[in-house]
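Asks: Starting off with a structure, shown below.
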Amino acid sequence: MRVHHLKPPKGAKRDRTRVGRGRAGARGKTAGRGMKGYLARNQPKQGFEGGQMPLARRVPKKKGFTNRSREAWAVVNVAALAARFEAGDAVTPESMAQRGLVRRRLPVKVLGNGDIDRALTVQAHAVSRSAREKIEGAGGTVEVL
Numbered sequence: 005m006r007v008h009h010l011k012p013p014k015g016a017k018r019d020r021t022r023v024g025r026g027r028a029g030a031r032g033k034t035a036g037r038g039m040k041g042y043l044a045r046n047q048p049k050q051g052f053e054g055g056q057m058p059l060a061r062r063v064p065k066k067k068g069f070t071n072r073s074r075e076a077w078a079v080v081n082v083a084a085l086a087a088r089f090e091a092g093d094a095v096t097p098e099s100m101a102q103r104g105l106v107r108r109r110l111p112v113k114v115l116g117n118g119d120i121d122r123a124l125t126v127q128a129h130a131v132s133r134s135a136r137e138k139i140e141g142a143g144g145t146v147e148v149l
């Protein structure tokens, strides 16, 4: 048997309906377009849905652009670290998640909003320049994961 010998089984394919071929045909006279009117006489405009609000107008129009490859961060400020951790504590993404500062699945970025007055060992995926200066100024250390 060869590829050119293959054919669909009997009854699997049916003949194309030939529309508008007279009274004897399956779709004769009005050919499924009903009686009179715009749709019987013309090809409707592209996207016309029979008077229903068309898809192009149902979908909300939103200005701007959404970057699909944008990386989301769980953001923590140094003021929040100072409020939740004691001096000498190791601050990791896991410990921040336990104390309700971040959600576990996002990478953590520490920002420099607020003041810190205790020495903390901070481990995060990213740290802003101002946050690093404040943590190190308070006697702590910063480690980027």
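Residue numbers (this note's numbering): 5 to 149.
Using N, Cα and C, we set each Cβ at its ideal position, and we do this for glycine too.
1. Does the separation of the CB atoms of residue 29 and residue 22 fall below 8 Å?
2. Hey, out of 95, 68, 109, whose CA is closest to residue 103's CA?
3. Quick check on the DSSP output: the alpha helix (DSSP H) that includes residue 53 runs from which residue to which?
4. Can you list, in chain order, the stretches of the alpha helix (DSSP H) that have 4 or more residues and sit fully within the segment 28-115?
5. Using 8 Å as the cut-off, can you tell me whether the segment 64-72 makes contact with the segment 83-99, which would need three or more C-beta pairs spanning the two stretches below that distance?
6. Under the DSSP definition of a beta bridge, which residues are partnered with residue 23?
7. Given a threshold of 16 other Cβ atoms within 10 Å of its Cβ, counted over all protein chains shown, does residue 144 qualify as buried or as exposed?
8. How many whole angstroms separate the CB atoms of residue 76 and residue 105, which I take to be in contact at a CB cut-off of 8 Å?
9. Going by C-alpha to C-alpha distance, which of 127, 124, 137 sits closest to residue 117?
Replies: On the basis of the data shown:
1. In this structure, the beta-carbon distance from residue 29 to residue 22 falls below 8 Å.
2. Here the closest residue by C-alpha is 95.
3. Element bounds for residue 53: n/a, residue is neither H nor E.
4. If we require 4 residues or more, the alpha helix (DSSP H) runs fully inside the segment 28-115 come out as 42-45, 59-62, 82-88, 97-102.
5. In this structure the segment 64-72 does not lie against the segment 83-99, because fewer than three pairs of beta carbons, one per stretch, are closer than 8 Å.
6. Residue 23 is not bridged to any residue.
7. Classification of residue 144: buried, given that the 10 Å Cβ count is 16 or more.
8. Incorrect: roughly 16 Å between the Cβ atoms, too far for contact.
9. Ranking 127, 124, 137 by Cα distance to residue 117 puts 137 first.
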